[in-house]
Structures are given as C-alpha cells and as structure tokens.
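Down below is the structure, laid out as structure tokens.
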Amino acid sequence: EADIYQTPRYLVIGTGKKITLECSQTMGHDKMYWYQQDPGMELHLIHYSYGVNSTEKGDLSSESTVSRIRTEHFPLTLESARPSHTSQYLCASSGVSSGANVLTFGAGSRLTVL
Amino acid sequence: AQSVTQLDSQVPVFEEAPVELRCNYSSSVSVYLFWYVQYPNQGLQLLLKYLSGSTLVKGINGFEAEFNKSQTSFHLRKPSVHISDTAEYFCAVSGGYSSASKIIFGSGTRLSIRP
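First to last, the protein sequences are chains A and B. Under our numbering, the first residue of the first sequence is numbered 1, with each subsequent residue one higher. Under our numbering, the first residue of the second sequence is numbered 1001, with each subsequent residue one higher.
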C-alpha cells in the first residue's frame, strides 16, 4: 500500500513547456526528497526539505524548483522543459515513524521532453 | 561527506545459486547503511538497514548483509536466488539522524537471474 503518491506517472511534453510533478505523502514525515534517476539507473539527489518552508538544493545541479508549503506536499516544477530534462524523478520521504533516515519512495514520474 | 561505491554494475546468476552484491562506503563519521531494491517500473523499497548493534543484518526476501567497519563494506548476500529477485539493488549511506544528514546512493547493481 503506497503512502507516498506521485503524479503523473508518465509525461511526454514538448520543449519549452512548464511542468509540475506532484508528490504527496500521508505519513506526516518531516523530510522529503527529490531524486533524479538517469537512464543508467543512478540516483542523484536534486532537492530536499526538512520541513515546511525549508528547501535545499541537492548534490546534482538542477534547473527545477521545489516548494514546501504543507508538510504532506512537495511539488517539483520545471519552468521551461528541455530534452536534457528527460529522466525519471523519484520522490521520497522520511520521518520519526519510518525510523532513522529510512526512505519511503513513490513509484516515480517518468518525464520525456521532445 | 559520505560516498558509496557499488563495484558491480551487473551480476548474472543462475536460479538457486548464491549471490553477493558488493558495496563499499567512505565516511568520516559513524554511518547508517541501507540496501534498497527497485523492481521494473517501480520506486525503491527498503530491503534492510544497519543502524547499530549486530553487524549481521537480516532483511526481507531472505537477504542479509554484513557491516564490516574495518573494510568499510556492507555486502548484500542471499544463499539461493529466485527469478523474482531480478531487480536493481542500491546501497545507500547516511551520517546519522540529524537535520544535516543526507542519504547518498550508489550507482546500483542489476541482478539478473537465469533459469
């Protein structure tokens, strides 16, 4: 049973479009993360948040932005999508209920930019 | 800062054979270590974790891993694999439960099981 939800699961759009990938969790976790997973299956941290109104950039530079206005919601936005943004984006969360730094992942959003 | 190295990008094995997936880490502080599994078209799910205590950790689906501090390793093992174990396996490290701790993943090992 999934407690963290990502939409859309698959998205194909043209260059220059603005897109928002949604991520919501029902576990009350304070920490949330976005990872970018390349076609070669590596995961790179691009954004994280340790609570409401707290966001930080991860280890991999990304043109995307995130917001954390509510504990359960952590959307990722690309203002102008490019083919180089084609990838899978995985959202995750962790908190006291999940144990020390144990991540719960969503199913992912696979983005293709033409 | 922490880092993780998974030494094998692909590991092919026959069904019912044993398997070991290797993971080495580097860290200047004490660490938490994890193995996650990703089945096709799905997100990652936790296989097992080492936080403290016994160095041999047992996880789901018959997997286990051993924390070796002197060799900075956390290799994943299973004595007899099944076709359903075909997946991508990720080793991860974090520096402990704090607001400044991030979770770093290795590059993954693709386990393919041959009948």
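Using N, Cα and C, we set each Cβ at its ideal position, and we do this for glycine too.
Between the alpha carbons of threonine 71(A) and valine 96(A) lies a gap of roughly 14 Å.
Between cysteine 23(A) and the set Leu114(A), Val113(A), Glu63(A) and Gly108(A), the nearest pair of CA atoms involves Gly108(A). Counting only runs that start and end inside the segment 1062-1113 of chain B, there is no alpha helix (DSSP H) element of at least 4 residues.
Per DSSP, the continuous beta strand (DSSP E) segment holding valine 113(A) begins and ends at 109-113.
Glutamate 42(A) belongs to the set of residues whose beta carbon lies under 8 Å from a beta carbon in chain B. For glycine 106(A), the chain B residues whose Cβ falls inside 7 Å of its Cβ are Gly1043, in order along the chain. Counting every other CB atom within 10 Å of its CB across the protein chains shown gives isoleucine 1104(B) a total of 16 or more, marking it as buried.
Only those residues of the segment 71-105 of chain A whose C-beta falls short of 7 Å from the nearest C-beta of chain B are listed: Leu90, Ala100, Asn101, Val102, Leu103 and Phe105. Residue-level contact by beta carbon holds for leucine 45(A) and chain B, with a gap shorter than 8 Å. Counting only the Cα atoms, glycine 1059(B) lies some 23 Å from arginine 1114(B).
Per the coordinates, the alpha-carbon of serine 1094(B) lies some 34 Å from the alpha-carbon of valine 12(A).
For tyrosine 10(A), the enclosing beta strand (DSSP E) starts and ends at 10-13. The C-beta separation of threonine 15(A) from arginine 82(A) comes to about 6 Å, placing the pair in contact by the 8 Å criterion. Under the DSSP definition of a beta bridge, cysteine 1023(B) lacks any partner.
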